[in-house]
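Protein sequences appear in the order of chains A and B.
Residues 1 to 573 (the numbering used here) make up the first sequence, in order.
Residues 1001 to 1677 (the numbering used here) make up the second sequence, in order.
Just so it is clear, CB atoms sit at the ideal spot from N, CA and C, and this is done for glycine as well.
The structure under discussion appears below in the form of structure tokens.
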Amino acid sequence: MSRPEGMRSSRHSLQVKFVPDEDVLKHITDDTGTKVRKEKAQLSVSVKRFVKKLENISDNEAQEILEEKNYVAALGICTQDAVGNGSNISGGEVYSFQTPKRSNKMAELASELAQTPEQNVSPDHSKCPEKMAKTPQNSKLSSSNRVQQTSKKKEFVSTTPYRLRKRLAAPDPYLESESEYSASCSEEEEDEEEQKEVSTIISDQKTPAKTKAASTPPHRNSLAKKRKAQKMGNLVEEYFEAHSSSKVLTSDRTLQKFRKRRLNQQTLYDLLKNAPLAYAAEIRDLNQQHESLFSKWMLQLHLGFNIVLYGLGSKRDLLEKFRTSLLQDSVHLVVNGYFPSITVRSILNSITEEVLDHIGTFRSPLDQLEFITKRFKEDSSLELYVLIHNLDSQMLRGERSQQILAQLSSLPSIYLIASIDHINAPLMWDQAKLSLYNWLWYETTTFSPYVEETSYENSLLVQQSGSLALSSLMHVLHSLTLNARGIFRLLAQHQLEKKDNPSYPGLSFQDFYQQCREAFLVNSDLTLRAQLTEFRDHKLIRTKRGADGVEYLLIPVDDSTLTDFLEKEDEDV
Amino acid sequence: MSTCSVSKGCFVFKPSTKKRRLSDKTGHDFRCPSNDSEDTQLRFVTCQSLWNQIKSETEQIQEDLNKQLLDNLVSFLSRSHSDFQEKTTEWTCRMKFREIPTAALVLGVNVTDHDLTFRGLSDVLQDNITPYVALLEAKDCPGIKNLMQKLMGQLMNCDIDVDSMDDEDCVQVSQNRIRCSMPSLISWYDSVTKKTDSETPSKKRNSSSRHWRSPPVVVIFKDMESFTTKVLQDFIVISSQHIHELPLVLIFGIATSPMIIHRLLPHSVSSLLCIELFQSLSCKEHLSTIIDKLLLTSRFPFKLGEKVLQVLINIFLYHDFSVQNFIKGFQLCIVEHFYSQPLSVLCCHLVDIKKRVYSLSHDQCENIRRLPSFRRYVEKQESGKQIELLTNDSFLKEETQKLLEDLHVYHENYVSILRCLHVFTSSLPKYPLGKQIRELHCACLENRVWETEEYESSLQLARMLNKTDLVTMLQQCVEILIASSGKEFDRAIEKLKEFLTQFQNLEVAEASQERDVSVSPQKELQKKTDLYHLQKTLLELKESRRSKKLTKFEMLRFEVVDYIDSLVRRYLVPADNRTLHEIVYFNAAAVLRGHLNAAPRTALHTALNNPHWYLKAFSTVVMAAEEPNADAASSDQVDDVIHARFIRAVSELELLGFIKPSKQKTDHVARLTWGGC
């Protein structure tokens, strides 16, 4: 299999007797020169022994194999320096044992070696205890490791007979793939006798671990280039590895396991309020710089531009300051885009109802927009400043909302100043909208925390305390009859009793009816059904059919909220 | 009143009517806390008047450029329904009536500029052809019903404009009541046309008298590509059924190519249209005209520096092709310049300079002295004058006035010579100095153009021009120089004219000269056949050619090119070499780019790279400083504050769009940016 060019040349250079190699080694490591020479002597012996075998190999084949090897190397299949054995630098990087393919190969080799006389292996065994400790494989394997290493060295010294080298160099990463092809059946037969040869070499070798260690640097140097290619290949492989499985691996350590109690909005807020703000002075300076732009903004707004602020940090305070310092005497509208239930409609409504004092409704936002446009065009004294915090919020980022806001902002007497935070916010706008908005961009990185913006409970993590849900629950229930409240209470209590059961499906309708009857809350299942419809309309309960077709009722609120609710109810009663 | 609430997202603030200031636009001028307040008012007024001038100029340009297109369209429209006018009942005409006359208006990809074109178009149409023009946009017409509604709304409203205003209310009501369908539209059309027929001519308004008795109904689809095919098809099919009752004309605004009509509409539908194609001016030509009229002129005192112009042109070429945006950028330049440069008060027309210079305050004089270009100028003067300039305000003012006038003259000359040079460079192969004059302008502003390689190679190429080209170019140059307002060009014109006459004289003498120059070497070349001799003769030939005496034409050509070169060296000095250029040239390209072509993402990344943010946000980092082995075991001891800070950091990252809940497991988030899932 491995019949690199060096092989052939070595055949011719037998007469030269390795002088160039010596030079090379000397050149690379001066101190190990003697040891290498010693080794060389052994090699020459083996060379003589196997020299006849070399002649068996046709040049043609060698050439083929060489090409194949280059090709494989170029592909970068031979990689794995990342998984390589760290302590054994060259070995770990050049021969990487840990890949599945490789370890198969190793196992094969090991089993082959296992057939060889025990005594041949054992001395080697004892010679390298530290090696043993490092390699996870069995002792035979580790011995084979050594063989490979020494043989590898020989390969570079280019004296080893072909057959032997071929066997020994089998795990050479560069040749790994072809090894599968070239290991033909006919060769298999020779294995046994070769094994013996191998073992003799092993036993012959008196090279201590030191030699090996000392001789590793040359490998490293000579392989530097190859390893580069290897690294490239590594990247490619890692890439495909990372993308091969769509299953994303995540850890199981959730916040539920975290023994910390969940913070609710209020405690969170209190805690953070007390937390010292780092770099307060610098941030204040930064903000002062931004504030010096206020008059310029005002001017540019009046010249027909609209202003958009971007950059890290909450820009709410900055805009508030702008509002309080410059807009006190003019009509203005502040829109909290981060408000979870903000809609374009509500913005338009506040313009028509509060700014224009119009009473009446509109069929569609477009009609409303038309009305506003008309009014502003008719009355040139009408001016309106619109401040939008987070123009890019979930609720406003839709295409239609942006279109309407853009058209609104294009009115000459409506001055818009807005802030954006989302990293992809500019993608909301196409050319047409951009030209309607007529933005001037201002970078106002404030580094201030997004206190208000993240204060609503739509935020992703943790703090679902449900105080909003609770208050809406209370409100709805207060408007219901006493009986209805009792019904809901029953359901809630039942749900709380079963809160430890994670697979609790809900209360079945029949059971519920029974309980309600016993509590004198309903007199027929029709009245109960009517009540439930009422609840369902207010999204207080959810019904689902179980596998047996029974209807189950569930309150879609978390347990703590429900507990709070029951406590409050008790207070009221 | 606070703007924080859990129940409300919109807050309206209305000051009491007493306190409410009357809207005075001039109230917001260049008052700036850090700046001295003097001259700000004047600066603001200058800025505004300059901008208004430029604005009207650009509108004028736009109008002129569209004139040709609009004229063509108008004639098309008047032709389209001439048969309908004559009320012919011939069968062939009826057959033809099944086809709706359609104008396909190819406008180019700069969609944002189209509004202006369409507005101009509908104005022209309403003045000349018909009062019934409807402008439809795709975003208003998601379905055929909305389209009809919109169409009828617009048509009936424009009817009001023509009608007397008293019956407005009844029409308003009826519009809401009427079922939006083709028959109702036709009956409306009949009633309006009959009404105008029955009216006595004296009662008719001027505007309507210009229309014919049964004017066509024009429906403009502003952005044809964005309409859903279904809506378009339905509308066309329906209206083609009624074309003999309602003289409809369609105008499609097309941004891409006329092929889109056939791609959007199947053959059965497109065969109902009788399409004529109109091409509007390309936006690049439009931009060239704008640059030509706004920048390469001495009419406006304000000038753009090289970098700024480059930024604007790049935004145009690489982002939107929008001339409107270019003009917007230009406006911003003006505002920025007058806002940030206190001396911009001197950036005015020549006639005002004297007055303004002499009314400068001492502080402003100091500002002048601080200008880098002025300091360079002072250093070049002899010591006595230096002291005068630096200490004596009135002397400084005199000098400033002179320098400003110089600057003005420089600019006039610059433009003329630039145009002359452009005549030469724009006809050279491969255009080493660019094809457009704006490229040449940028090159000249950037640095001394005659020191650049491109200029060198263009001169080389110019030395190889043939005679006819050269003569026509010289003639063009003469015209440019004569047309220019610069007074220094009398000599140059004379010189160029002299060249022209010399060329004419040459023509006579040339014929005889040419003959005896070089026939012999050519003949010799034919005799020699062996390689060595051939090589030798060729070398000799080359040698002789090098030393060969030039023909008269060639000499003259060299002279011409050298003369042009001398003009360039004299007049096309980059502006920033001139003293006081800061007053009229706006050079803050970075500011401009920041405002027009911002990179919010970069800003965010830069800010996040700030270690401060990490220290503040990520609890692990915070804790790492105190207890390095913060693992599950110690998580009980996690400080509440740090926990809270972590929670906030997560919320903030979500707000910024870096993460989102993965919905696969509780608490798990998916990364969105930097190559997430």
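Between which two residues does the alpha helix (DSSP H) holding residue i run?
i: H302(A); result: F294 to H302
i: K1467(B); result: K1467 to A1483
i: F322(A); result: R316 to L326
Closer than 8 angstroms, CB to CB, is residue i near chain A or not?
i: G1009(B); result: yes
i: Q1364(B); result: no
i: K1222(B); result: no
i: F1658(B); result: yes
i: S1651(B); result: yes
i: K1284(B); result: no
i: G1594(B); result: yes
i: R1738(B); result: Past the edges of chain B, shown from 1001 to 1677, lies residue 1738(B), and the structure says nothing about it.
i: L1332(B); result: yes
i: C1004(B); result: yes
At which residues does the beta strand (DSSP E) containing residue i begin and terminate?
i: G1253(B); result: L1248 to I1254
i: N336(A); result: H332 to N336
i: W439(A); result: W439 to E443
i: K1435(B); result: No beta strand (DSSP E) contains K1435(B), which DSSP labels as neither H nor E.
At the 8 angstroms Cβ level, is residue i part of the contact set with chain B, yes or no?
i: E354(A); result: yes
i: G311(A); result: yes
i: L460(A); result: For L460(A), the predicted model reports a pLDDT of 48, less than 50, meaning its position is unreliable and no value from the coordinates is stated.
i: Y450(A); result: yes
i: A281(A); result: no
i: D317(A); result: no
i: D285(A); result: no
i: T454(A); result: yes
i: K296(A); result: yes
i: D564(A); result: no
i: Q378(A); result: Strictly speaking, residue 378(A) in this sequence is Glu, with Gln absent from that position. So, not an interface residue.
Can you tell me the Cβ-Cβ gap for residue i and residue j, rounded? I've got them flagged as a contact below 8 angstroms.
i: N306(A); j: Y415(A); result: 7 angstroms
i: Y1189(B); j: L1246(B); result: 5 angstroms
i: V1269(B); j: V1237(B); result: 6 angstroms
i: L491(A); j: I541(A); result: 7 angstroms
i: K1303(B); j: Y1585(B); result: 5 angstroms
i: T533(A); j: H290(A); result: Incorrect: roughly 55 angstroms between the Cβ atoms, too far for contact.
i: N1587(B); j: V1308(B); result: 6 angstroms
i: V1560(B); j: F1499(B); result: 5 angstroms
Could you name the residues of the region 426-441 of chain A whose beta carbon sits closer than 9 angstroms to any beta carbon of chain B, in the order they occur along the chain? Taking 9 angstroms as the cut-off between beta carbons, the residues of the region 426-441 of chain A near chain B are P426, D430, Q431, A432, L434, S435, L436, N438, W439, L440 and W441, in sequence order.
Three or more C-beta pairs below 8 angstroms linking the region 421-441 of chain A and the region 385-403 of chain A: These segments touch.
For the 8 angstroms Cβ check, are there 3 or more pairs between the region 1305-1325 of chain B and the region 1068-1076 of chain B? When C-beta atoms of the region 1305-1325 of chain B are compared with those of the region 1068-1076 of chain B, fewer than three pairs fall below 8 angstroms, so the two segments do not count as touching.
Counting pairs of Cβ atoms below 8 angstroms between the region 1596-1604 of chain B and the region 1374-1393 of chain B, do you hit three or more? The region 1596-1604 of chain B, when compared against the region 1374-1393 of chain B, does not touch it at the 8 angstroms Cβ threshold.
Report yes or no: do three or more beta-carbon pairs, one from the region 329-339 of chain A and one from the region 380-393 of chain A, lie closer than 8 angstroms? Yes, they touch.
Residues of the region 324-339 of chain A in Cβ contact with chain B at a cutoff of 8 angstroms, in chain order, please. Shown in chain order are the members of the region 324-339 of chain A whose Cβ falls below 8 angstroms from a Cβ of chain B: L327, Q328, D329, S330, V331, H332, L333, V334, V335, N336, G337, Y338 and F339.
Chain A contacts from the region 1305-1324 of chain B (Cβ-Cβ distance under 7 angstroms): Contact residues of the region 1305-1324 of chain B toward chain A are D1320, S1322 and Q1324 (C-beta to C-beta distance below 7 angstroms).
Using a Cβ cut-off of 9 angstroms, which residues of the region 342-373 of chain A contact any Cβ in chain B, in chain order? Residues are counted here when their Cβ sits less than 9 angstroms from a Cβ of chain B; for the region 342-373 of chain A these are I342, T343, S346, I347, N349, S350, I351, E353, E354, V355 and L366, given in chain order.
If contact is defined by three or more beta carbon pairs under 8 angstroms, each pair taking one atom from either stretch, is the region 1054-1062 of chain B in contact with the region 1288-1298 of chain B? Output reads yes: the region 1054-1062 of chain B touches the region 1288-1298 of chain B.
Is it true that the region 293-303 of chain A meets the region 350-361 of chain A, where meeting means three or more beta-carbon pairs spaced less than 8 angstroms apart? No, the region 293-303 of chain A is not in contact with the region 350-361 of chain A.
Below 8 angstroms, can you find three or more Cβ-Cβ pairs linking the region 305-322 of chain A to the region 356-370 of chain A? Contact check between the region 305-322 of chain A and the region 356-370 of chain A: fewer than three CB pairs, one atom from each, fall below 8 angstroms, which does not count as touching.
Quick one: which residues of the region 405-429 of chain A get their C-beta closer than 7 angstroms to a C-beta of chain B? List them in chain order. For the region 405-429 of chain A, which is checked against every Cβ of chain B, the residues closer than 7 angstroms are I420, D421, H422, I423, N424, A425 and P426.
With a threshold of 8 angstroms, are at least 3 pairs of Cβ atoms found where one atom belongs to the region 1339-1359 of chain B and the other to the region 1395-1412 of chain B? A contact exists between the region 1339-1359 of chain B and the region 1395-1412 of chain B.
If we count Cβ pairs, one from each stretch, closer than 8 angstroms, do we get three or more for the region 554-565 of chain A versus the region 524-531 of chain A? As far as the Cβ criterion goes, the region 554-565 of chain A does not touch the region 524-531 of chain A, which means the pair count is below three.
Does the contact criterion of 3 or more C-beta pairs under 8 angstroms hold for the region 1103-1112 of chain B versus the region 1274-1289 of chain B? Cβ pair count under 8 angstroms is three or more, so yes.
Cβ contact check for the region 1250-1262 of chain B and the region 1046-1059 of chain B: 3 or more pairs under 8 angstroms: In short, these stretches do not touch, since the Cβ pair count stays below three.
Is the region 1455-1475 of chain B close to the region 1426-1437 of chain B, with three or more CB pairs under 8 angstroms? Output reads yes: the region 1426-1437 of chain B touches the region 1455-1475 of chain B.
Which residues, in order along the region 538-562 of chain A, keep a beta-carbon less than 7 angstroms from a beta-carbon of chain B? Answer set for the region 538-562 of chain A: empty.
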